[in-house]
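Sequential numbering from 252 applies to the sequence shown in this note's numbering. Every residue gets a Cβ at the ideal spot worked out from N, C-alpha and C, and that includes glycine. The block underneath contains the structure these notes are about, expressed in structure tokens.
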Amino acid sequence: MIEFFKNLFGGNTVSFPELMKNGAQIVDVRTETEFNGGHIRNSKNIPLQNLSQNLNQLNKNKPIITCCASGMRSASAKSILEKNGFIEVHNGGGWKSLEQKILK
């Protein structure tokens, strides 16, 4: 029964530090202005509204972690990437909380 709820509500946790060790790309989908105000080191800024036109900047063979300010735009970005054939995409949520998870 517990496994049912884990699967239903996404109980499978992602190890962001492990993804980073495996060469994950962090895609920050906030605006350029937001990104310039602070971001995760080595993250790539591709604003959500430009993502579909810039898929060639990403490596389909490496995991991708999307992030934004709160997790809403990064969820949309995850969906766009998956619809375009990216296999391993994770919504990292807000960039500040993702940064803390990566540093663990």
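Which residue from L354, V265, V280 and E350 puts its Cα closest to that of S303?
S303 has its Cα closest to that of V280, out of L354, V265, V280 and E350.
Per DSSP, which one or two residues make a beta bridge with H341?
Beta-bridge pairing links H341 to I316.
Distance CB(A328)-CB(E285) smaller than 8 Å:
No. Outside cutoff.
Pull up the DSSP beta-bridge partners for V278, would you.
Partner(s): K295 and T317.
Quick check on the burial criterion: 16 or more other C-beta atoms within 10 angstroms. Buried or exposed for R324?
Buried is the call here.
Can you check whether the CB of A275 is closer than 8 Å to the CB of I315?
A contact, by the Cβ cut-off of 8 Å.
Using C-beta distances below 8 Å, list every residue in its chain close to N335, excluding the 5 sequence neighbours before and after it, in chain order.
Once the five neighbours on either side are set aside, the close Cβ partners of N335 are S303 and L306.
Hey, E343 and T317 are a contact pair by Cβ (cut 8 Å); roughly how many whole angstroms apart?
For the sequence presented, residue 343 should be read as Gly rather than Glu. Their Cβ separation, rounded to whole angstroms, is 6 Å, which keeps G343 and T317 in contact under 8 Å.
To which residues of the same chain is K355 closer than 7 Å at the C-beta, ignoring the five residues directly before and after it?
Hits under 7 Å: P268.
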